[in-house]
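Residue numbers (our numbering), protein chains in the order written: chain A, 291 to 550; chain B, 291 to 550; chain C, 291 to 550; chain D, 291 to 550.
Number of protein chains: 4
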Amino acid sequence: MSTPLRVTVWNEYVHERTSDAVAKIYPQGIHSAVADAIRQHLGSGVSVRTATLDEPDHGLTEEVLAATDVLTWWGHAAHERVEDAVVERVQRRVWAGMGLVVLHSAHNSKIFRRLMGTSCMLRWREAGERERLWIVDPSHPIVAGLEDECFELEHTEMYGEFFDIPPPDEIVFISWFEGGEVFRSGCTFRRGKGKIFYFRPGHETFPIYHDANVRRVIANGVAWAAPTGCRYFGEGRNIPEPLSPIAGEHVVDESLHRAK
Amino acid sequence: MSTPLRVTVWNEYVHERTSDAVAKIYPQGIHSAVADAIRQHLGSGVSVRTATLDEPDHGLTEEVLAATDVLTWWGHAAHERVEDAVVERVQRRVWAGMGLVVLHSAHNSKIFRRLMGTSCMLRWREAGERERLWIVDPSHPIVAGLEDECFELEHTEMYGEFFDIPPPDEIVFISWFEGGEVFRSGCTFRRGKGKIFYFRPGHETFPIYHDANVRRVIANGVAWAAPTGCRYFGEGRNIPEPLSPIAGEHVVDESLHRAK
Amino acid sequence: MSTPLRVTVWNEYVHERTSDAVAKIYPQGIHSAVADAIRQHLGSGVSVRTATLDEPDHGLTEEVLAATDVLTWWGHAAHERVEDAVVERVQRRVWAGMGLVVLHSAHNSKIFRRLMGTSCMLRWREAGERERLWIVDPSHPIVAGLEDECFELEHTEMYGEFFDIPPPDEIVFISWFEGGEVFRSGCTFRRGKGKIFYFRPGHETFPIYHDANVRRVIANGVAWAAPTGCRYFGEGRNIPEPLSPIAGEHVVDESLHRAK
Amino acid sequence: MSTPLRVTVWNEYVHERTSDAVAKIYPQGIHSAVADAIRQHLGSGVSVRTATLDEPDHGLTEEVLAATDVLTWWGHAAHERVEDAVVERVQRRVWAGMGLVVLHSAHNSKIFRRLMGTSCMLRWREAGERERLWIVDPSHPIVAGLEDECFELEHTEMYGEFFDIPPPDEIVFISWFEGGEVFRSGCTFRRGKGKIFYFRPGHETFPIYHDANVRRVIANGVAWAAPTGCRYFGEGRNIPEPLSPIAGEHVVDESLHRAK
Numbered sequence: 291m292s293t294p295l296r297v298t299v300w301n302e303y304v305h306e307r308t309s310d311a312v313a314k315i316y317p318q319g320i321h322s323a324v325a326d327a328i329r330q331h332l333g334s335g336v337s338v339r340t341a342t343l344d345e346p347d348h349g350l351t352e353e354v355l356a357a358t359d360v361l362t363w364w365g366h367a368a369h370e371r372v373e374d375a376v377v378e379r380v381q382r383r384v385w386a387g388m389g390l391v392v393l394h395s396a397h398n399s400k401i402f403r404r405l406m407g408t409s410c411m412l413r414w415r416e417a418g419e420r421e422r423l424w425i426v427d428p429s430h431p432i433v434a435g436l437e438d439e440c441f442e443l444e445h446t447e448m449y450g451e452f453f454d455i456p457p458p459d460e461i462v463f464i465s466w467f468e469g470g471e472v473f474r475s476g477c478t479f480r481r482g483k484g485k486i487f488y489f490r491p492g493h494e495t496f497p498i499y500h501d502a503n504v505r506r507v508i509a510n511g512v513a514w515a516a517p518t519g520c521r522y523f524g525e526g527r528n529i530p531e532p533l534s535p536i537a538g539e540h541v542v543d544e545s546l547h548r549a550k
Numbered sequence: 291m292s293t294p295l296r297v298t299v300w301n302e303y304v305h306e307r308t309s310d311a312v313a314k315i316y317p318q319g320i321h322s323a324v325a326d327a328i329r330q331h332l333g334s335g336v337s338v339r340t341a342t343l344d345e346p347d348h349g350l351t352e353e354v355l356a357a358t359d360v361l362t363w364w365g366h367a368a369h370e371r372v373e374d375a376v377v378e379r380v381q382r383r384v385w386a387g388m389g390l391v392v393l394h395s396a397h398n399s400k401i402f403r404r405l406m407g408t409s410c411m412l413r414w415r416e417a418g419e420r421e422r423l424w425i426v427d428p429s430h431p432i433v434a435g436l437e438d439e440c441f442e443l444e445h446t447e448m449y450g451e452f453f454d455i456p457p458p459d460e461i462v463f464i465s466w467f468e469g470g471e472v473f474r475s476g477c478t479f480r481r482g483k484g485k486i487f488y489f490r491p492g493h494e495t496f497p498i499y500h501d502a503n504v505r506r507v508i509a510n511g512v513a514w515a516a517p518t519g520c521r522y523f524g525e526g527r528n529i530p531e532p533l534s535p536i537a538g539e540h541v542v543d544e545s546l547h548r549a550k
Numbered sequence: 291m292s293t294p295l296r297v298t299v300w301n302e303y304v305h306e307r308t309s310d311a312v313a314k315i316y317p318q319g320i321h322s323a324v325a326d327a328i329r330q331h332l333g334s335g336v337s338v339r340t341a342t343l344d345e346p347d348h349g350l351t352e353e354v355l356a357a358t359d360v361l362t363w364w365g366h367a368a369h370e371r372v373e374d375a376v377v378e379r380v381q382r383r384v385w386a387g388m389g390l391v392v393l394h395s396a397h398n399s400k401i402f403r404r405l406m407g408t409s410c411m412l413r414w415r416e417a418g419e420r421e422r423l424w425i426v427d428p429s430h431p432i433v434a435g436l437e438d439e440c441f442e443l444e445h446t447e448m449y450g451e452f453f454d455i456p457p458p459d460e461i462v463f464i465s466w467f468e469g470g471e472v473f474r475s476g477c478t479f480r481r482g483k484g485k486i487f488y489f490r491p492g493h494e495t496f497p498i499y500h501d502a503n504v505r506r507v508i509a510n511g512v513a514w515a516a517p518t519g520c521r522y523f524g525e526g527r528n529i530p531e532p533l534s535p536i537a538g539e540h541v542v543d544e545s546l547h548r549a550k
Numbered sequence: 291m292s293t294p295l296r297v298t299v300w301n302e303y304v305h306e307r308t309s310d311a312v313a314k315i316y317p318q319g320i321h322s323a324v325a326d327a328i329r330q331h332l333g334s335g336v337s338v339r340t341a342t343l344d345e346p347d348h349g350l351t352e353e354v355l356a357a358t359d360v361l362t363w364w365g366h367a368a369h370e371r372v373e374d375a376v377v378e379r380v381q382r383r384v385w386a387g388m389g390l391v392v393l394h395s396a397h398n399s400k401i402f403r404r405l406m407g408t409s410c411m412l413r414w415r416e417a418g419e420r421e422r423l424w425i426v427d428p429s430h431p432i433v434a435g436l437e438d439e440c441f442e443l444e445h446t447e448m449y450g451e452f453f454d455i456p457p458p459d460e461i462v463f464i465s466w467f468e469g470g471e472v473f474r475s476g477c478t479f480r481r482g483k484g485k486i487f488y489f490r491p492g493h494e495t496f497p498i499y500h501d502a503n504v505r506r507v508i509a510n511g512v513a514w515a516a517p518t519g520c521r522y523f524g525e526g527r528n529i530p531e532p533l534s535p536i537a538g539e540h541v542v543d544e545s546l547h548r549a550k
């Protein structure tokens, strides 16, 4: 494809400005680290912008979303401050084909919970323990380029099962934690024309988004979530005539599929 | 099991009181026909009550839901009149293990859309055309007792693809329509501890809920959606100690899983 | 159901007769322990017999299989000694609706590999290490009666990912191992009208089949795998006439679906 | 990617040489039409060769397979003439990452049946009737470029449910047939590192592989089935040390994962 993939990296950008410890790890904000990872791996194939909570419309106006092929989402402390109108706008844009990469504590974001229909609850513990992410789908493009059958993060926040999500369409990684838990760490879902990748690693006080493997997986996830699929939905109606001469009319409830 | 399965049959109960044509087919309301079908097949194994839109809390108080193992839902004209607080109450009860059987036009109900995370849009046409429901999972308990590989309904409202739902956990039936469409007519989903069965047939102006095969499938769906699973979720925390002596604490985000 | 579920417990029965250590744990053979577990939980609802490698036809004649609703399979040292004709007989019986519960090292049995279509390879280590089985589908009947969100086995053989199976229809348990691995420990699959449950725990030198939770899950798995579904397949043809008057004939390639 | 995708198009090439009717539609053989479709859409990104039944090793030597990224398969009259040794070679190559696109009557090929583990039976009728393929996963790259929500083939052989395959990982198309049947016409599966796409359309006496939409979908399927995923499997062992100092050894049962 000659036109670059248009990526918007969203970050609530709260911890980095209120905690010295976090600011030391992510001096430009977590969004900068995530954006760098995507640029590092996808290069000229991608055009990346960032958006944060404090901007008008959280930086996610209709115009920005209409010009976004894949959105990545990081939030933790301020899920409730995200306006419902923006959440609904993002949801409709996902339905119309925009990819969504949901990172770490964004499991509890409004947008992820609305798209899943579940509580998205999980177990957690902050103990800086070791995590191993095992590949359970070696065929998946999201693990492209990984050298081994698993990779390790030395100090992480633990997330454990039961992770209250719908059964994922695909499970790509399962994590092992030193303290005794497991977690479905890389999961994909489809909603409408949009593809969603949830990826567990990340935290504000561990330098997870500087890890080489994590950065590659995020970039792979963005590439995988890029819009593909047919042209139909959202480009207006195009309904074939019925084969048999049947009275009545074809109607499609598709007001929600207008964009894209 | 010696205690009967507690089933609540919900119906918006609008068409039957405003249209003579509908009243002729369902003189006691669609809920009565659905409740009869369940009693017919599950007999003494089931205790069935009904609830409708006009009752206080739409008949779905905390007490009623706490005493409901499986809820069936029919709605069409009045989805928007269902209060959000009740919808959220039902959703949490599904997460805690209550089964949900969603019938026909309830594809567009608030509760189904919230649990799916998608628009749940579809194509439709009222032409009284022929439908064939083909079994595509012959191993499933929901098709127990069906004699043939498909069954027919002579006059139906057409529902066609694309049906905007998440990829179902299981597809049990696919419908063929005389006018040229197909539809995933019997689909299962899990959300939390709750099981959900969407079943397409039904309409207010066709006597679909008097059809022998439809009645059997609805009863099978109720039996399948009955709560099963482990005791843990919702009965409070019960977290094993970590194996390794790790500083920090186990915390579970489970406020949403209290009931049941 | 008034007629009891007919279960056949198969065991290659080699280790128990060649090793004192194994004989001490399973003096009557692993099949006796498995059969006991099933009887303990399913009581009068079940009629259990056993069969072993050294019997004629490995104890799995056409007559035995025709009178078996669910077959459980344990093998380890002698997979290659199972005759292909018997394997094919079992496979066709699964297609026709017989349930199959595959235990531990039977991941590498001929029958499991034929039904999966993959190598079924995995990582393993005998170190007597601790295992935790986490429930990742709390709604599933296979976890009915379990008290907690996970259960532990103190000394086990490790099985680790990548477990080369097709993506399971349902993942019920994921195991955590002390040495650093994870494993999809409880998985379901459907093949034709038959349901298959793979359950990891077990080993000839650890008393796994005396563990209360393991015994319950095996019994649950047997109950879940019991034949359900429609009557059609295997009871001969029953093909509806085409709706439109189309020249040509309906033919079904169903020679393989005769039994049951 | 700068190196082109290496595609091998396999055809049993029997009908075209024994029937004038077939030869008129496919004068160079069905493989030529399929190869052309792939070249038409993937252009310089692909390098296509063909192989047929009558060649030594059916044209599928170890060398050819080692140099094949995606294999397409068409067979109908001569499934039994394909040697088991070649079938096993293809199966292992799929496990190691080669994509496989299975066309029409190859549902009954040895290779597809071995990879599925089921009978792969279906209903069929030759009546030259109309088929509509409805898109049920609009997000999928396999439907990229299709203009409408369905496409039609005017004269086809009917394939109907129940199609005895494992529940597919993804269902992309569902077909409607004029005579009253439905069929899961576009299905994906993963086996090991390999991706498999089954696509129904095609027949020796209908010019299906000259249809613009069918040609596009086949090319999309080839692109989708291209090897992706991690580097590990098949490039030798690379096992991380256990975290805890545990006696015993890590062993991997991976003799089957050597190639690629």
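Each residue gets a CB set at the ideal place from its N, CA and C atoms; glycine is no exception. Everything numeric in this text was worked out from a predicted model, so none of it was measured.
To the nearest whole angstrom, what separates the beta carbons of residue i and residue j, a pair I think is in contact under 8 Å?
i: residue 442/C; j: residue 305/C; result: That belief does not hold up - the Cβ atoms of residue 442/C and residue 305/C are roughly 24 Å apart, past 8 Å.
i: residue 328/D; j: residue 312/D; result: Contact doesn't hold; Cβ gap of about 21 Å is too wide.
i: residue 300/D; j: residue 385/D; result: Contact doesn't hold; Cβ gap of about 18 Å is too wide.
Any beta carbon from chain D within less than 8 Å of residue i's own beta carbon?
i: residue 478/C; result: no
i: residue 301/B; result: no
i: residue 459/C; result: yes
i: residue 485/A; result: yes
i: residue 363/C; result: no
i: residue 387/B; result: no
With a threshold of 8 Å between beta carbons, is residue i in contact with chain A?
i: residue 433/D; result: yes
i: residue 405/B; result: yes
Any beta carbon from chain G within less than 8 Å of residue i's own beta carbon?
i: residue 456/B; result: Checking the listed chains, one finds no chain G in this structure; the protein chains it contains are A, B, C and D.
Strictly under 8 Å for the Cβ-Cβ distance: is residue i near chain B by that measure?
i: residue 378/D; result: no
i: residue 430/C; result: yes
i: residue 437/C; result: yes
i: residue 518/A; result: no
i: residue 425/C; result: yes
i: residue 495/A; result: no
Should residue i be labelled buried (16 or more other beta-carbon atoms within 10 Å of its own) or exposed?
i: residue 307/B; result: exposed
i: residue 394/B; result: buried
i: residue 454/A; result: buried
i: residue 483/C; result: buried
i: residue 456/D; result: buried
i: residue 293/C; result: exposed
From the DSSP output, read off the bridge partner residues of residue i.
i: residue 477/A; result: 461/A, 488/A
i: residue 360/A; result: 297/A, 389/A
If you drop the 5 nearest sequence neighbours on each side, which residues of the same chain put their C-beta closer than 6 Å to that of residue i?
i: residue 486/C; result: 390, 479
i: residue 418/B; result: 445
Go through its chain and collect everything with a Cβ distance to residue i's Cβ below 7 Å, but skip five positions before and after it.
i: residue 463/A; result: 423, 424, 425, 426, 475, 476
i: residue 458/D; result: 474, 477, 478, 479
Less than 8 Å between CB atoms is the rule here; does residue i satisfy it with respect to chain C?
i: residue 482/D; result: yes
i: residue 551/B; result: The first residue shown for chain B is 291 and the last is 550, placing residue 551/B beyond what the model contains.
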